[in-house]
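Each remark here refers to the structure printed beneath this line.
Protein chains: 2
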Amino acid sequence: MSDLLERLRTRGWRLTAQRRVVAEVLEGDHVHLTADEVHARAAQRLPEISRATVYNTLGELVNLGEVIEVSTDHRAKRYDPNAHRPHHHLLCARCGAIRDVHPVGNPLADLPESERFGFSVSEVELTYRGICPDCTV
Amino acid sequence: MSDLLERLRTRGWRLTAQRRVVAEVLEGDHVHLTADEVHARAAQRLPEISRATVYNTLGELVNLGEVIEVSTDHRAKRYDPNAHRPHHHLLCARCGAIRDVHPVGNPLADLPESERFGFSVSEVELTYRGICPDCTV
DNA sequence: ATCCTACAATGGACGAAGTCCAAGTCAAGT
DNA sequence: ACTTGACTTGGACTTCGTCCATTGTAGGAT
Ligand SMILES: [Mn+2]
Ligand SMILES: [Mn+2]
Ligand SMILES: [Zn+2]
Ligand SMILES: [Zn+2]
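Respectively, the protein sequence lines represent chains A and B. For this note's numbering, count along the first sequence from 1 and bump the result up by 215. For this note's numbering, count along the second sequence from 1 and bump the result up by 215.
Following this line, the structure appears as structure tokens:
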């Protein structure tokens with residue numbers, strides 16, 4: 216059993232076949248699948264798994280901090296299992312390809328108190344956009 | 216007539232009542248409306264304006280660089296007429312409130328060549344998340 | 001090993017955001 | 001005033017996501 220599933224079980228997760236395959240599909244680096252892509256891959260291993268369950272499971276994983284939701288403004292949200300090492304994203308404006316990147320510096324420190332307007336700021340999301348090598352003519 | 220409409224007319228835009236009211240609705244600072252909000256406000260002045268026209272007009276304004284699309288991951292995209300001064304956004308995770316912010320520093324310079332993976336990077340979007348004063352108990 | 005039940009899965013209806021199109025309308029150049 | 005190509009319209013359609021009543025089952029209790 217993967218570390219992930221082990222961790223979840225100790226948090227009271229009931230270990231179902233559906234949750235298992237969703238977790239399996241999300242294994243690896245640079246994985247940024249949409250919910251429907253997760254569903255398609257999960258369904259290869261467990262054909263009767265429903266979309267609702269995939270959405271439920273992804274939502275729980277996000278709440279538990281095991282998966283990050285990335286909104287790429289290509290239409291659907293993407294689900295990123297690389298939740299443990301903070302990083303940002305570089306994405307191709309043409310084909311939607313997405314890469315993890317680790318910029319130097321701390322954008323949170325770059326937001327002066329005078330620009331916080333009384334918000335308690337806790338998170339920062341940094342998205343670089345460009346054209347990937349494959350899309351460059 | 217506003218500067219915006221003047222500029223658009225010289226670019227070959229046909230000046231219709233619909234486009235006029237959409238442009239009017241977008242006037243001002245810190246405006247970050249969804250397409251349906253734009254439609255609702257436009258319809259107060261011009262009741263028969265259609266959703267399709269609002270979407271068309273907003274899309275054209277974005278292509279012309281007069282309006283910026285902001286994806287807030289609350290569901291709908293927001294349309295931002297403040298396209299001429301570069302800025303980023305601070306948003307409330309609870310109520311969706313959104314503010315323009317001007318962090319110091321240049322995030323583009325913070326992405327080393329080794330982290331660009333052959334992309335030609337042209338744009339960077341920085342989103343701060345937190346809880347706004349109104350949502351703090 | 002079997003039972004029990006609270007939790008989880010299912011599928012289909014529903015909703016929100018956005019796109020598309022054929023038909024009708026009109027801005028603006030002549 | 002005419003003409004015409006650009007613009008608008010409303011509604012059908014798609015995609016992404018949520019909701020819910022019903023059915024199934026993981027895992028603790030016996
Ligand atoms: Mn990632
Ligand atoms: Mn703005
Ligand atoms: Zn690409
Ligand atoms: Zn708020």
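We treat Cβ as the ideally placed atom computed from N, Cα and C, and that holds for glycine. Nothing here was measured: the structure is a model prediction, and the numbers come from that model.
Asked	Found
Nearest-angstrom Cα distance between residue 284 (chain A) and residue 224 (chain B)?	41 Å
For residue 253 (chain A), is the classification buried or exposed, using 16 other Cβ atoms within 10 angstroms of its Cβ as the cut-off for buried?	buried
Can you check which of these residues, B:282, B:237 and B:276, is closest to residue 265 (chain B) by C-alpha distance?	B:237
Residue 217 (chain B) by DSSP, collapsed to three states: which one?	coil
Tell me the residue span of the alpha helix (DSSP H) that contains residue 254 (chain B).	250 to 260
Note down the Cα distance separating residue 297 (chain A) from residue 332 (chain B), rounded to an integer number of angstroms.	19 Å
Short of 9 Å Cβ to Cβ, which residues in the segment 299 to 311 of chain B face chain A?	303, 305, 306, 307 and 308
Around the Cβ of residue 345 (chain A), are there at least 16 other Cβ atoms within 10 angstroms (buried) or fewer (exposed)?	buried
Would residue 344 (chain A) count as contacting chain B if we go by Cβ distances under 7 Å?	yes
Return the Cβ separation of residue 335 (chain B) and residue 351 (chain A) in integer angstroms, given the expectation that the two are a contact with Cβ distance under 8 Å.	7 Å
Distance check for residue 327 (chain B) and residue 319 (chain A), CA to CA, integer angstroms please.	8 Å
Compute the beta-carbon to beta-carbon distance between residue 269 (chain B) and residue 257 (chain B), rounded to the nearest angstrom, for a pair I have assumed lies under 8 Å.	6 Å
Taking 6 Å as the cut-off, is the C-beta of residue 309 (chain A) nearer than that to any heavy atom in ligand 3?	yes
Just checking my contact of residue 282 (chain B) with residue 295 (chain B) at CB under 8 Å: how many whole Å lie between their CB atoms?	6 Å
Can you give me the C-alpha to C-alpha distance between residue 347 (chain A) and residue 248 (chain A), rounded to a whole angstrom?	18 Å
Would you mind stating whether residue 272 (chain A) and residue 234 (chain A) have Cβ atoms separated by less than 7 Å?	yes
With 8 Å as the limit, tell me which residues of the segment 318 to 339 of chain A have their beta carbon closer than that to any beta carbon of chain B; keep them in chain order.	318, 319, 320, 322, 323, 325, 326, 327, 330, 331, 332, 333, 334, 335, 336, 337, 338 and 339
Given that residue 351 (chain B) touches chain A, what residues does it touch there, using C-beta distances under 9 Å?	333, 334 and 335
State the start and end residues of the unbroken alpha helix (DSSP H) segment that holds residue 276 (chain B).	266 to 278
Cβ of residue 293 (chain A) less than 7 Å from any chain B Cβ?	no
Out of A:226, A:308 and A:324, point me to the one whose CA is closest to residue 290 (chain A)'s CA.	A:308
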